[in-house]
Each structure stands twice: as C-alpha cells, then as structure tokens.
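Chains as they are written, first to last, in our numbering: chain C, 1 to 111; chain F, 1 to 111.
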C-alpha cells in the first residue's frame, strides 16, 4: 500500500517567519510530487510541483525533494495570515496518473 | 475560462435514495477522478477514468457508481448501498503527471 505521511499539526508560525512543512512517501518509484493548499470548506489548489531532486522556487514558496530519503518539503517565506490553511502533499508515478494524497498539515500563521 | 464545474454545491439525500453528483470539465483533460473527504481526513479515491467509456474502482468504490460517456463529463451516483454518504465530494481532472485541477466540490448530507 503506497502511503504519504504528513504531521497533522496544527503548525503555528509567527507572521513574517518561515513555515516548513514536511512529507514522506513510501513508494521509491514515485516520480512526481505536488503541494496543494486547501482553505476550510474549499477545494484543494495546486501551488507547487517538483519532479527532480533539489529545490524549486516560486515566489515565497520553495519545494524541496530528496528522493534518496523519500522526503518532500515546502517552505513558505514571509508567512502571511492568508497562508493559514491545510497543506496537502501528493505523490504520483510516471505512467500512473493516480496521485496519492497525504492527510494534510494544518498551518496557522499568528498575526 | 477553462475549469471544472461541480453541481450542486449542496445536496441532501434521504435514506434509501440514490443521488447523482455532476462533474463537467472544459480543460480537454483525458483523466478524471472522484474523491471523498471527511472532516479532518485526507482525500480518498472513489473512482477514476483515464479515457472515455472506461473507468476503474478506487479505494472506496462500494456504494458508488460512475459513467464516462463523454470526455467532458464524469457523473458520480451515490446509491442507497452507501451507508455513510455524508461527506465533501471532489471531482478532479488532469493531464499525465502535471497534477490535478479540482472542482469546487459538492457537500452531501443525509437527512
């Protein structure tokens, strides 16, 4: 059974600080990695995706991938109250379109 | 604008009743998915379809049925055999490996 594990939180971070969200996955053959943001009562929104080892930056967001350790992370710099949400880590294969989702980490940015 | 439309936003089902949730996309995506999300829980895959006239069961298909007669449409029927249908239902679509785009969801409640 393929699994994606995340700490459920809540993770509380002061406004302006860096929020660090972590995720591990069980399938060593995984090739695609995604971070979704979900506000309460809303549907998930894709904010980052990464396929290769290393870092990928987009604005205040940085996704980090370490395939040897089967570890994915999301850094949010200069955290804002609007970043308060649940962040879902998702992992997929190459030919397999099915993506496996973690249960999410609740992030709370303290004003 | 391209996107995924789910309807209705809220749905109430009486005991023993079948209900159908609509999902339409104009993104020209081949693959479509149905997920269920319970409070504080992750996304659980109900059914998915990678091509017209073909679909596969996900992890929790019992009590649900789908059809894929058109590329744009992937309706989900919640049958009376589903004993605990109250949940948030999410439809998604994708190209291979580029992550999912989600609809806004349907909140189903048993009355």
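Yeah, the Cβ is synthetic: ideal placement off N, Cα and C, and Gly gets one too. Note that the structure is a prediction, hence the values are computed from the model and not measured.
Taking Cβ positions only, does residue 7 of chain F come closer than 8 Å to chain C? Not closer than 8 Å to any Cβ of chain C, the Cβ of residue 7 of chain F fails to qualify, so no.
Quick one: list the residues of chain C neighbouring residue 104 of chain F, beta-carbon separation under 9 Å, in chain order. Neighbours of residue 104 of chain F on chain C, chain order: 42, 43.
Just verifying my parser: in three-state terms, what is the DSSP assignment at residue 83 of chain C? In the displayed model, residue 83 of chain C falls within a helix according to three-state DSSP.
Output needed for residue 81 of chain C: all residues of its chain with C-beta closer than 8 Å, excluding positions within five of it in sequence on either side, in chain order. 15, 109, 111.
If we define contact as Cβ-Cβ less than 8 Å, is residue 59 of chain C a contact residue for chain F? No - not a single Cβ of chain F is within 8 Å of the one on residue 59 of chain C.
Member of C:39, C:71, C:67, C:27 whose CA lies at the smallest distance from the CA of residue 20 of chain C: In terms of CA proximity to residue 20 of chain C, C:71 leads the group C:39, C:71, C:67, C:27.
Option in F:14, F:95, F:91 with minimal Cα separation from residue 66 of chain F: If you compare the alpha carbons of F:14, F:95, F:91 with that of residue 66 of chain F, the shortest gap goes to F:91.
Compare the C-alpha of residue 46 of chain F against each of C:32, C:98, C:78, C:103 and name the closest. Nearest of C:32, C:98, C:78, C:103 to residue 46 of chain F, Cα basis: C:98.
Who are residue 99 of chain C's beta bridge partners in DSSP? C:92, per the DSSP bridge assignment.
Pull the bridge partners of residue 46 of chain F from the DSSP assignment, please. BP columns for residue 46 of chain F are empty, so no partner.
I'd like to check one pair, residue 88 of chain F with residue 4 of chain F: are the Cβ atoms closer than 8 Å? No. Outside cutoff.
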